[in-house]
Amino acid sequence: MVADRAEQLCEYCLIHRDDTFLGCSIDHIISIKHGGSSRDENLAYACTICNSNKGSDISSLVPGTGELVRLFNPRIDRWRDHFRLDQAVIIPLTEIGEATVRILGFNQDDPLLERETLQAIGRYPGPAARSRILS
1277 MVADRAEQLC EYCLIHRDDT FLGCSIDHII SIKHGGSSRD ENLAYACTIC NSNKGSDISS
1337 LVPGTGELVR LFNPRIDRWR DHFRLDQAVI IPLTEIGEAT VRILGFNQDD PLLERETLQA
1397 IGRYPGPAAR SRILS
């Protein structure tokens, strides 16, 4: 159900399940240890890289100010409000976007290379991902 709602896309980096070597799994947006539940409104579909990097994190400090900012929440946030795609690089547009890009490691070598390779063969972003980027 969670994967179907997400159209088989990682709800963070928008890679399709069929295009990621390590697969996808269910992420607790707010981890159980922070009081989150296993109800649908707290679950997101995430690739292994995003899920592993996120771990139980729910927020981060803004560089330079030390202000606490929450991470992107795919149940309440629109992807295009917080991120922009520039070729294969995911550019943050907000403090929430910046924290999420940094903590989840969107633009680290391995996920960036994966997206660049998929773009070269026309598979990233796919049609479902493009609709999230544009709407």
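Sequence positions in the sequence shown follow this note's numbering and run 1277 to 1411.
Just so you know, even glycine gets a beta-carbon here, dropped at the ideal spot from N, CA and C.
Spatial distance of residue i from residue j (CA atoms)
{"i": "valine 1345", "j": "aspartate 1357", "result": "15 Å"}
{"i": "arginine 1293", "j": "proline 1339", "result": "32 Å"}
{"i": "threonine 1370", "j": "cysteine 1289", "result": "16 Å"}
{"i": "valine 1365", "j": "leucine 1389", "result": "10 Å"}
{"i": "tryptophan 1355", "j": "glycine 1311", "result": "24 Å"}
{"i": "arginine 1281", "j": "asparagine 1329", "result": "22 Å"}
{"i": "aspartate 1316", "j": "serine 1301", "result": "14 Å"}
{"i": "aspartate 1385", "j": "serine 1336", "result": "21 Å"}
{"i": "glutamine 1395", "j": "phenylalanine 1297", "result": "15 Å"}
{"i": "threonine 1341", "j": "arginine 1391", "result": "31 Å"}
{"i": "aspartate 1353", "j": "glutamate 1287", "result": "11 Å"}
Run of the beta strand (DSSP E) containing residue i, from where it starts to where it stops
{"i": "aspartate 1280", "result": "Per DSSP, aspartate 1280 belongs to no beta strand (DSSP E); it is in the alpha helix (DSSP H), 1278 to 1281."}
{"i": "histidine 1304", "result": "1300 to 1304"}
{"i": "alanine 1396", "result": "Counting along the chain, alanine 1396 falls outside any beta strand (DSSP E), though it belongs to the alpha helix (DSSP H) covering 1385 to 1396."}
{"i": "cysteine 1323", "result": "1319 to 1323"}
{"i": "serine 1307", "result": "Element bounds for serine 1307: n/a, residue is neither H nor E."}
For residue i, the first and last residue of its enclosing alpha helix (DSSP H)
{"i": "isoleucine 1409", "result": "1403 to 1410"}
{"i": "valine 1345", "result": "It is not in any alpha helix (DSSP H) - valine 1345 instead sits in the beta strand (DSSP E) that spans 1344 to 1346."}
{"i": "isoleucine 1372", "result": "1371 to 1380"}
{"i": "arginine 1356", "result": "1355 to 1358"}
Short Cβ contact (7 Å threshold) for residue i with residue j
{"i": "leucine 1285", "j": "alanine 1404", "result": "yes"}
{"i": "isoleucine 1409", "j": "asparagine 1349", "result": "no"}
{"i": "aspartate 1333", "j": "isoleucine 1379", "result": "yes"}
{"i": "arginine 1406", "j": "aspartate 1295", "result": "no"}
Beta-carbon contacts of residue i that lie in its chain and below 6 Å, excluding the five residues immediately before and after
{"i": "aspartate 1303", "result": "Ala1320, Ala1322, Asn1327"}
{"i": "arginine 1351", "result": "Glu1317"}
{"i": "valine 1278", "result": "Ile1302, Leu1319, Tyr1321"}
{"i": "glutamate 1283", "result": "Ala1404"}
Beta-carbon proximity list for residue i, same chain, < 7 Å, skipping 5 on both sides
{"i": "proline 1401", "result": "Leu1290, Leu1361, Ile1409"}
(request) Would you check if the stretch 1309 to 1328 and the stretch 1359 to 1367 touch, i.e. whether three or more CB-CB distances between them fall below 8 Å? (result) With the rule of 3 Cβ pairs closer than 8 Å, the stretch 1359 to 1367 does not count as touching the stretch 1309 to 1328.
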